[in-house]
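>
There are 4 protein chains.
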Amino acid sequence: MEFNKHQSIYLQIADFICENVMTEKWPSDEKISSVRELAANMEVNPNTVMRAYSQLQDEGIIYNKRGIGYFVSEGASKKIKDMEKEDFINNELPKIFKKMKMLNIKFSELEELYNKTSNGKTNIS
Amino acid sequence: MEFNKHQSIYLQIADFICENVMTEKWPSDEKISSVRELAANMEVNPNTVMRAYSQLQDEGIIYNKRGIGYFVSEGASKKIKDMEKEDFINNELPKIFKKMKMLNIKFSELEELYNKTSNGKTNIS
Amino acid sequence: MEFNKHQSIYLQIADFICENVMTEKWPSDEKISSVRELAANMEVNPNTVMRAYSQLQDEGIIYNKRGIGYFVSEGASKKIKDMEKEDFINNELPKIFKKMKMLNIKFSELEELYNKTSNGKTNIS
Amino acid sequence: MEFNKHQSIYLQIADFICENVMTEKWPSDEKISSVRELAANMEVNPNTVMRAYSQLQDEGIIYNKRGIGYFVSEGASKKIKDMEKEDFINNELPKIFKKMKMLNIKFSELEELYNKTSNGKTNIS
DNA sequence: GTGGTCTAGACCACC
DNA sequence: GTGGTCTAGACCACA
Numbered sequence: 001m002e003f004n005k006h007q008s009i010y011l012q013i014a015d016f017i018c019e020n021v022m023t024e025k026w027p028s029d030e031k032i033s034s035v036r037e038l039a040a041n042m043e044v045n046p047n048t049v050m051r052a053y054s055q056l057q058d059e060g061i062i063y064n065k066r067g068i069g070y071f072v073s074e075g076a077s078k079k080i081k082d083m084e085k086e087d088f089i090n091n092e093l094p095k096i097f098k099k100m101k102m103l104n105i106k107f108s109e110l111e112e113l114y115n116k117t118s119n120g121k122t123n124i125s
Numbered sequence: 001m002e003f004n005k006h007q008s009i010y011l012q013i014a015d016f017i018c019e020n021v022m023t024e025k026w027p028s029d030e031k032i033s034s035v036r037e038l039a040a041n042m043e044v045n046p047n048t049v050m051r052a053y054s055q056l057q058d059e060g061i062i063y064n065k066r067g068i069g070y071f072v073s074e075g076a077s078k079k080i081k082d083m084e085k086e087d088f089i090n091n092e093l094p095k096i097f098k099k100m101k102m103l104n105i106k107f108s109e110l111e112e113l114y115n116k117t118s119n120g121k122t123n124i125s
Numbered sequence: 001m002e003f004n005k006h007q008s009i010y011l012q013i014a015d016f017i018c019e020n021v022m023t024e025k026w027p028s029d030e031k032i033s034s035v036r037e038l039a040a041n042m043e044v045n046p047n048t049v050m051r052a053y054s055q056l057q058d059e060g061i062i063y064n065k066r067g068i069g070y071f072v073s074e075g076a077s078k079k080i081k082d083m084e085k086e087d088f089i090n091n092e093l094p095k096i097f098k099k100m101k102m103l104n105i106k107f108s109e110l111e112e113l114y115n116k117t118s119n120g121k122t123n124i125s
Numbered sequence: 001m002e003f004n005k006h007q008s009i010y011l012q013i014a015d016f017i018c019e020n021v022m023t024e025k026w027p028s029d030e031k032i033s034s035v036r037e038l039a040a041n042m043e044v045n046p047n048t049v050m051r052a053y054s055q056l057q058d059e060g061i062i063y064n065k066r067g068i069g070y071f072v073s074e075g076a077s078k079k080i081k082d083m084e085k086e087d088f089i090n091n092e093l094p095k096i097f098k099k100m101k102m103l104n105i106k107f108s109e110l111e112e113l114y115n116k117t118s119n120g121k122t123n124i125s
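Chains as they are written, first to last, in my numbering: chain P, 1 to 125; chain C, 1 to 125; chain X, 1 to 125; chain V, 1 to 125.
#1: Could I get the ranges of all uninterrupted alpha helix (DSSP H) runs contained in the stretch 29-67 of chain X, with 4 residues as the minimum, in chain order?
#2: Under the three-state reduction of DSSP, which class applies to residue 71(X): helix, strand or coil?
#3: Quick check on DSSP: helix, strand or coil for residue 77(P)?
#4: Go ahead and pull the three-state DSSP assignment for residue 3(C).
#5: What is the rounded straight-line gap between the Cα of residue 15(V) and the Cα of residue 57(V)?
#6: Identify, in the order they occur along the chain, each residue of the same chain with its Cβ nearer than 6 Å to the Cβ of residue 71(V), setting aside the five sequence neighbours on each side.
#7: Where does residue 90(V) fall in DSSP's three states?
#8: For residue 11(X), report the span of its alpha helix (DSSP H) as first-last.
#9: So that I know if they touch, is there some Cβ in chain V lying closer than 8 Å to that of residue 106(X)?
#10: Should residue 7(V) be labelled buried (16 or more other beta-carbon atoms within 10 Å of its own) or exposed?
#11: Establish whether the CB of residue 66(C) and some CB of chain V are separated by less than 8 Å.
#12: For a cutoff of 8 Å on Cβ pairs, would you count residue 22(V) as touching chain X?
#13: Is residue 21(C) closer than 8 Å to residue 108(C) when the C-beta atoms are compared?
#14: Do you know offhand how far residue 103(X)'s Cα is from residue 117(X)'s?
#15: Find the residues of chain C that neighbour residue 117(P), judging by a C-beta separation of less than 7 Å, and give them in chain order.
#16: Contact criterion: CB-CB distance below 8 Å. Does residue 89(V) meet it with respect to chain X?
#17: By DSSP, does residue 95(C) sit in helix, in strand, or in coil?
#18: Taking the alpha-carbon of residue 34(P) as reference, which of 54(P), 89(P), 91(P), 95(P) has the nearest alpha-carbon?
#19: Shorter than 8 Å from the beta carbon of residue 25(V) to some beta carbon of chain X?
#20: Work out the CA separation of residue 65(C) and residue 61(X) for me, nearest whole Å.
#21: Reducing DSSP to helix, strand and coil, say where residue 25(V) ends up.
#22: Are the C-beta atoms of residue 2(P) and some chain C residue less than 8 Å apart?
#23: Return yes when the Cβ of residue 52(C) is within less than 8 Å of the Cβ of residue 10(C), no when it is not.
#24: Helix, strand or coil for residue 110(P)? Go by DSSP, reduced to three states.
#25: Suppose you measure from the CA of residue 87(X) to the CA of residue 99(P); what does that come to, to the nearest Å?
#26: Using a Cβ-Cβ distance under 8 Å, would residue 10(X) count as near chain V?
#27: Measure the CB-CB distance between residue 89(P) and residue 113(C) and report whether it falls below 8 Å.
#28: Could you give the DSSP three-state label for residue 104(V): helix, strand or coil?
#29: What does the alpha-carbon distance come out to for the pair residue 46(P) and residue 37(P)?
#30: Assuming residue 96(X) and residue 18(X) are in contact, meaning their beta carbons sit under 8 Å apart, how far apart are those beta carbons, in whole angstroms?
#31: What do you reckon, is the C-beta of residue 65(V) under 7 Å from a heavy atom of the ligand COA?
#32: For residue 3(X) and residue 23(X), what's the separation of their Cα atoms in angstroms?
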């Protein structure tokens with residue numbers, strides 16, 4: 001895994017896990033990789049993975065069975081989706097729209113770009 | 001000036017300058033505040049301002065006349081706009097669209113939100 | 001390490017590193033001294049070393065693994081050589097030749113001097 | 001006049017004057033531009049020109065007649081030539097040769113480059 | 001342990 | 001007056 005240098009690694013790992021949970025690639029009550037295993041895969045210090053897991057546990061996304069490992073919480077997928085959606089609409093979108101105005105990007109251009117990126121992936125729908 | 005604690009001060013100063021240059025509030029060849037002066041205004045250490053100035057000089061946004069001060073470069077406004085636009089389209093938008101898909105937000109919803117935020121500013125005036 | 005007073009210390013440190021990289025005394029992906037360690041060795045403030053490292057990182061000569069340290073970039077040796085060679089041929093040589101003309105030094109004299117300095121090192125060994 | 005940003009302006013002005021003296025474009029006992037005049041031409045602070053003149057006066061390259069102006073000293077041309085030649089041979093050349101070795105530039109390449117730059121300018125001689 | 005940022009204060013060369 | 005560099009020492013986030 002490659003890391004963006006402008007964000008801490010543990011947050012990027014947490015995001016990576018969230019994505020897998022949200023898309024239900026890792027469904028509820030599934031055991032996720034052990035700290036050491038994931039650390040080895042990602043070529044990262046186990047402490048760093050641990051920190052990501054702790055944070056997700058605090059947020060209720062995953063839970064821990066002592067001596068066994070970490071598991072995806074019931075309803076975690078929906079929970080993440082709701083949180084992210086709220087953040088997206090209330091915090092991110094306003095910034096995006098503001099930036100578009102500053103850069104003189106019209107909404108119609110956005111539509112064009114959206115259609116371009118969608119093509120080839122979402123045929124027929 | 002108030003600073004966001006999640007980004008370094010010198011970068012926020014650089015952004016602040018970029019905004020003034022981009023909007024041409026500070027036109028080409030205009031002298032900008034001296035290091036010490038800006039530092040005093042912002043209640044910040046001169047070294048911190050210096051760091052912002054140095055970076056902007058490296059990027060060609062401002063230039064220095066020795067013993068006199070820093071000045072806005074020719075064409076800096078356009079340069080910043082181009083850089084930001086490129087970054088927006090190539091880096092930010094793909095992330096946004098990806099997120100929208102994950103969150104099942106349709107483009108039509110985006111349009112709605114856009115129109116909402118635009119109202120009150122662009123109507124009748 | 002002793003520093004020349006006509007050039008800033010951080011630049012001399014950067015040059016020192018470049019030399020070690022160029023001659024491949026420090027090969028690719030080798031970890032270089034930590035900021036504090038080098039600062040202690042050179043009896044210099046860590047900030048000063050940091051500044052040298054930052055600049056070299058901007059130039060792509062070294063890279064950073066967070067929390068671990070700085071490493072020599074892939075191909076840095078060749079990169080430095082190319083940069084220096086280009087500078088030598090395009091910027092330094094023209095000045096040298098111009099000076100020679102002004103001082104009425106013929107190319108044959110240069111050759112003589114070159115052979116003199118080479119002697120003692122390349123003869124018989 | 002355009003100034004190199006890596007050397008102080010007053011030194012570049014001094015060099016400029018030396019060149020004119022050395023090539024005898026400005027012969028002995030010729031009056032040179034007044035401080036103000038040169039400063040205006042070069043778009044530079046008069047203090048900066050003054051500093052260059054002072055240094056050249058200290059070195060005996062020019063002399064001052066109070067109330068009248070600065071003049072080129074007797075034998076200044078030869079004097080400069082001798083100083084520069086000595087410096088060139090004893091200080092600059094060794095550095096140049098050292099650099100050539102580091103960059104694997106052979107003397108024959110130097111010869112080639114020399115012949116290239118000389119052509120077109122020194123025809124027939 | 002690592003780097004990264006910031007402060008306070010100093011000194012210098014230069015304009 | 002301007003910028004540029006350096007020091008000493010602090011604090012923080014991160015691995």
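All C-beta atoms, glycine included, are put in the ideal place defined by N, C-alpha and C.
From the atom records:
#1: 35-42, 46-58
#2: strand
#3: helix
#4: coil
#5: 13 Å
#6: 29, 31, 63
#7: helix
#8: 9-22
#9: no
#10: exposed
#11: yes
#12: yes
#13: no
#14: 21 Å
#15: 94, 97
#16: yes
#17: helix
#18: 54(P)
#19: no
#20: 29 Å
#21: coil
#22: no
#23: yes
#24: helix
#25: 41 Å
#26: no
#27: yes
#28: coil
#29: 9 Å
#30: At roughly 22 Å, the Cβ-Cβ gap does not stay under 8 Å, so residue 96(X) and residue 18(X) are not in contact.
#31: The model depicted lacks the ligand COA and carries no ligand whatsoever.
#32: 21 Å
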